[in-house]
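**Q**
Numbering (our numbering), first residue to last: 418 to 1073.
See the structure below:
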């Protein structure tokens, strides 16, 4: 069960990501070299503060409406009262915030404090809290425009009295009541442009106990080596519920600059009859061989043909959120249990070509809590478990080994958080991430249990201040299944750690202790410093002590949490609260630590004899780079720099 299986609600409309862009260039964090022009909008000759320096960080949904409430395959959505409901956010709440993890890690942007409400304008039918999660699968197939998936779960569900009139809502309520009172949700924003707005599609479906929160552990279709004419279908998911196979095209089908679907031929859902060969699973000699590869031409007898995908119909994306359903007869249900799902194009009277297919051997592994904010003490370790879900043919599988590798400092330098490097570039120096490497230990060679879950212990020491003017350090690690010839995972799947700097301050600290990082926020967020009050002014800070205490003590997922970027270490936030307590007359609240600090044993495992995960290739990245439009908004420049650097890194590795 997932956000795109039946029963589901499909909706579309618009979003606004009113991000502040002063912090898009990491060099703007250096107080010593910060210039007032960095708070001005960019011009034809100067990047300044990029395109939206006065951004609030607010993320808003508007004009979203349910266009398809589907309780069962073949049901008429027009007859369901949920069709036509509005999808509102933040009813009677502060605006949700969209936040980068760090200026040098801008591709795991996260939504904090989002509330979803389904309403007819007078009556609320359903409301729930969106569990904070970072987007995934950025630019993973759509050539224009780049998009991504915000996958998560809705909790704290409340059902209005009129929800009983909707068969779809009642089917979802029945599922939620039996599965931790959660629902699965996806938001796919794309075409980010003028006024920081763009269109969005999304869907809400059932969640099953034991499922991940941030991705669907189902059938992953990958497009690694497909013919260039067919790259319009990127990596995507398929899932089975109620004898129906559903494909999610929302982030995979290609659009042109007018946001129209680009035709890719007459395509069908399919199950490949020639199975894959998996040997030695659970051993050091595990390997997999595809029975039929992407691009293979097959006759009708080689496949179990499912329904044609009517992706060119009006409203495929905006009405159905890009979801296509194929009913499964008894033969299809038997075959799909251990054979690959695919999409095929009809190229002759009885000939078909595979344009995208399921991962090799149906094996799929992904990290759930892949973004980790960690606050080590001055001495000692902060520890966390990264949780992986491993499946084969969409079902949990045991004894599959995952290997990890901490990436080196050569992966980045100016590529994350960079701007204009011309004559008028900021004067601050760039600093590498992933260093010093000995401050982080990541387990490798861990295996999945009977439920498909695997745990990767990580531990972090106080990194100190390796980037000089930016709090803490970013560490990234890649991972993959230790099965020879297995499909590569999604290109941008990483374990990402923000190791915050620990510092000891007197209690109470002096203003000189906290002013340097307050000055940073004053520089980086002119919407506050220019239009409200200066965070770097001691008198103003004292006058607003009660309000600021409330903001700095709010939980991480509260929309009013301060700083909005959520990138300040716990020790520094505690110092702020201790300083403010001198003027509130109340004891200082305890700053929340944003991770569990669970006591996890960090093991050292010999992985030298394990099969290596399928390496990334430069070919797919080069196609993605070629398909990026020539814009400078949103993540486009970040992606362009990252793709260029990754292509160069991979090619250097190949030559070595």
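Glycine residues also receive a C-beta, built at the ideal position from the N, C-alpha and C atoms.
1) Quick one: what's residue 870 bridged to in DSSP?
2) Given that a residue counts as buried once 16 or more other Cβ atoms are within 10 Å of its Cβ, and exposed if not, what is residue 933?
3) Take every Cβ of the region 929-946, pair it with every Cβ of the region 468-476, and state whether three or more of those distances are shorter than 8 Å.
4) Quick check on the burial criterion: 16 or more other C-beta atoms within 10 angstroms. Buried or exposed for residue 727?
5) Just curious, the alpha helix (DSSP H) that residue 970 is in, first and last residue?
6) Which term fits residue 710, buried or exposed, when burial requires 16 or more other beta carbons within 10 angstroms of its beta carbon?
7) Contact check, residue 773 vs residue 579 under 8 Å by CB: the rounded distance?
8) In chain order, what residues of the same chain have a beta carbon less than 6 Å from the beta carbon of residue 996, not counting five sequence neighbours either side?
9) Less than 8 Å between C-beta atoms, sequence neighbours within five positions excluded: which residues of the same chain meet that for residue 661?
10) My parser needs the beta strand (DSSP E) runs of 3 or more residues fully inside the region 565-625; what are they?
11) Assuming the contact rule is C-beta atoms closer than 8 Å, residue 598 and residue 625 should be a hit. Round their C-beta distance to whole Å, please.
12) Short of 7 Å in beta carbon distance, which residues of its chain neighbour residue 951, apart from the five on each side in sequence? Order them along the chain.
13) Quick check on DSSP: helix, strand or coil for residue 421?
14) From residue 1014 to residue 785, what does the alpha carbon distance come to, in whole angstroms?
15) Roughly how many angstroms lie between the CA atoms of residue 1019 and residue 864, to the nearest whole one?
16) Distance, Cα to Cα, residue 694 vs residue 635?
17) Report the rounded CA-to-CA distance for residue 667 versus residue 600, giving the unit in angstroms.
18) Is it buried or exposed, residue 832, if we count other Cβ atoms within 10 angstroms and call 16 or more buried?
19) Residue 637 bridges to which residues according to DSSP?
20) How far does the alpha helix (DSSP H) with residue 475 in it reach, from first residue to last?
21) Checking 8 Å against the spacing of the C-beta atoms, do residue 689 and residue 584 come in under that value?
22) Does the distance from the CB of residue 851 to the CB of residue 824 come in under 8 Å?
23) Since residue 817 and residue 912 should fall inside the 8 Å C-beta cutoff, what is the C-beta to C-beta distance between them, to a whole number of angstroms?
24) Could you spell out where the beta strand (DSSP E) holding residue 684 opens and where it closes?
25) Assign residue 844 to buried or exposed, taking buried as 16 or more other Cβ atoms, counted over all protein chains shown, within 10 Å of its Cβ.
26) Mind the definition here: the region 510-519 touches the region 482-502 only if three or more C-beta pairs lie below 8 Å; say whether that holds.
27) Which term fits residue 1002, buried or exposed, when burial requires 16 or more other beta carbons within 10 angstroms of its beta carbon?
28) Quick one: grab the DSSP three-state call for residue 453.
29) Let me know the secondary structure DSSP gives residue 681 once reduced to three states.
30) Determine, using beta carbons only, whether residue 955 comes closer than 8 Å to chain C.
31) Can you give me the C-alpha to C-alpha distance between residue 443 and residue 437, rounded to a whole angstrom?
32) Determine, using beta-carbon pairs with one atom in the region 525-544 and one in the region 444-452, whether at least three such pairs fall under 8 Å.
33) Grab me the residues of residue 678's own chain with a C-beta within less than 7 Å of its C-beta, minus the 5 sequence neighbours each way, in chain order.
34) Mind checking whether residue 603 and residue 619 have CB atoms under 8 Å apart?
35) In chain order, which beta strand (DSSP E) runs of at least 3 residues are fully inside the region 697-753?
36) For residue 791, which of helix, strand or coil comes out of DSSP?
**A** Quick answer:
1) Here residue 870 refers to the residue found at position 453 when the chain shown is read from its first residue. DSSP lists 806 as partners of residue 870.
2) By 1-based counting over the chain shown, the position of residue 933 is 516. Classification for residue 933: exposed.
3) Three or more beta-carbon pairs separated by less than 8 Å link the region 929-946 to the region 468-476, which places the two stretches in contact.
4) Stepping through the chain shown from its first residue, residue 727 is reached at position 310. Within a 10 Å sphere around the beta-carbon of residue 727 sit fewer than 16 other beta-carbons, which makes this residue exposed.
5) The residue you call residue 970 lines up with position 553 of the chain shown. In the DSSP annotation of this structure, the continuous segment of the alpha helix (DSSP H) that includes residue 970 starts and ends at 962-970.
6) Within the chain shown, residue 710 is the residue found at index 293, counting from 1. Classification of residue 710: exposed, given that the 10 Å Cβ count is below 16.
7) Within the chain shown, numbered from 1, the residue matching residue 773 stands at position 356. Within the chain shown, numbered from 1, the residue matching residue 579 stands at position 162. Between residue 579 and residue 773 the Cβ distance is about 41 Å, and since that is not below 8 Å, they are no contact.
8) Locating residue 996 in the chain shown gives position 579, counting from the first residue. Once the five neighbours on either side are set aside, the close Cβ partners of residue 996 are 925, 926 and 931.
9) Within the chain shown, the letter at position 244 stands for residue 661. 422, 423, 490, 742, 743, 744 and 745.
10) You should have 567-576, 600-606 and 614-623.
11) Counting from one through the chain shown, the residue named residue 598 turns up at place 181. Counting from one through the chain shown, the residue named residue 625 turns up at place 208. In this structure residue 598 is not in contact with residue 625, their Cβ atoms being roughly 13 Å apart against a cut-off of 8 Å.
12) Indexing the chain shown from 1 puts residue 951 at position 534. 939 and 957, listed in sequence order.
13) Counting from one through the chain shown, the residue named residue 421 turns up at place 4. Of the three classes helix, strand and coil, the one that applies to residue 421 here is coil, per DSSP.
14) Here residue 1014 refers to the residue found at position 597 when the chain shown is read from its first residue. Here residue 785 refers to the residue found at position 368 when the chain shown is read from its first residue. With a pLDDT of 44 at residue 1014, under the threshold of 50, the modelled position of that residue is not reliable, and the figure given next carries that caveat. Their backbone Cα atoms lie some 17 Å apart in a straight line.
15) Within the chain shown, numbered from 1, the residue matching residue 1019 stands at position 602. Within the chain shown, numbered from 1, the residue matching residue 864 stands at position 447. Confidence is the limiting factor: at residue 1019 the pLDDT is only 47, short of 50, which leaves the residue's position unreliable and the question unanswerable from this model.
16) Start at 1 with the first residue of the chain shown, and residue 694 comes out as number 277. Start at 1 with the first residue of the chain shown, and residue 635 comes out as number 218. Spanning the alpha carbons of residue 694 and residue 635 requires a straight line of approximately 20 Å.
17) Here residue 667 is taken as the residue at index 250 of the chain shown, counted from 1. Here residue 600 is taken as the residue at index 183 of the chain shown, counted from 1. If I take the Cα positions, the gap works out to 19 Å.
18) Position 415 of the chain shown holds residue 832. Because the pLDDT at residue 832 is just 47, under 50, the model does not fix this residue reliably, and the point stays unresolved.
19) Taking the first residue of the chain shown as position 1, residue 637 is located at position 220. For residue 637, which the question treats as bridged, DSSP gives the partners 654.
20) By 1-based counting over the chain shown, the position of residue 475 is 58. Looking at the DSSP string, residue 475 is not in any alpha helix (DSSP H); the run it does join, the beta strand (DSSP E), is 475-487.
21) Here the question's residue 689 lines up with position 272 in the chain shown. Here the question's residue 584 lines up with position 167 in the chain shown. Cβ atoms of residue 689 and residue 584: not closer than 8 Å.
22) The residue labelled residue 851 in the question sits at position 434 within the chain shown. The residue labelled residue 824 in the question sits at position 407 within the chain shown. In this structure, residue 824 lies closer than 8 Å to residue 851 by Cβ.
23) Stepping through the chain shown from its first residue, residue 817 is reached at position 400. Stepping through the chain shown from its first residue, residue 912 is reached at position 495. That pair is no contact at about 17 Å.
24) To locate residue 684, count along the chain shown from 1; it is residue 267. 684-689 is the extent of the beta strand (DSSP E) around residue 684.
25) Taking the chain shown and counting its residues from 1, the one referred to as residue 844 is at position 427. By the neighbour-count criterion, in which 16 or more other beta carbons inside 10 Å mark a residue as buried, residue 844 falls on the exposed side.
26) With the cut-off at 8 Å, the region 510-519 and the region 482-502 do not touch.
27) The residue you call residue 1002 lines up with position 585 of the chain shown. Looking at its Cβ environment, which holds fewer than 16 other Cβ atoms inside 10 Å, residue 1002 is exposed.
28) Taking the chain shown and counting its residues from 1, the one referred to as residue 453 is at position 36. In the structure shown, residue 453 falls within a helical segment according to DSSP collapsed to helix, strand and coil.
29) Along the chain shown, read from residue 1 onward, the residue named residue 681 stands at position 264. In this structure, residue 681 counts as coil in the three-state DSSP scheme.
30) Looking for chain C here will not work: only one protein chain is present.
31) Along the chain shown, one-based indexing puts residue 443 at 26. Along the chain shown, one-based indexing puts residue 437 at 20. Approximately 13 Å between the Cα atoms of the pair.
32) Contact between the region 525-544 and the region 444-452 is absent, because fewer than three Cβ pairs lie under 8 Å.
33) Against the chain shown, residue 678 aligns to sequence position 261. Only 670, 672, 728, 729, 733 and 734 meet the Cβ criterion.
34) Counting from one through the chain shown, the residue named residue 603 turns up at place 186. Counting from one through the chain shown, the residue named residue 619 turns up at place 202. Result yes, Cβ atoms of residue 603 and residue 619 sit closer than 8 Å.
35) Segments of the beta strand (DSSP E) lying fully in the region 697-753: 704-706, 714-716, 720-725 and 740-744.
36) As a first step, residue 791 must be located in the chain shown, where it is residue number 374. Strand, per DSSP.
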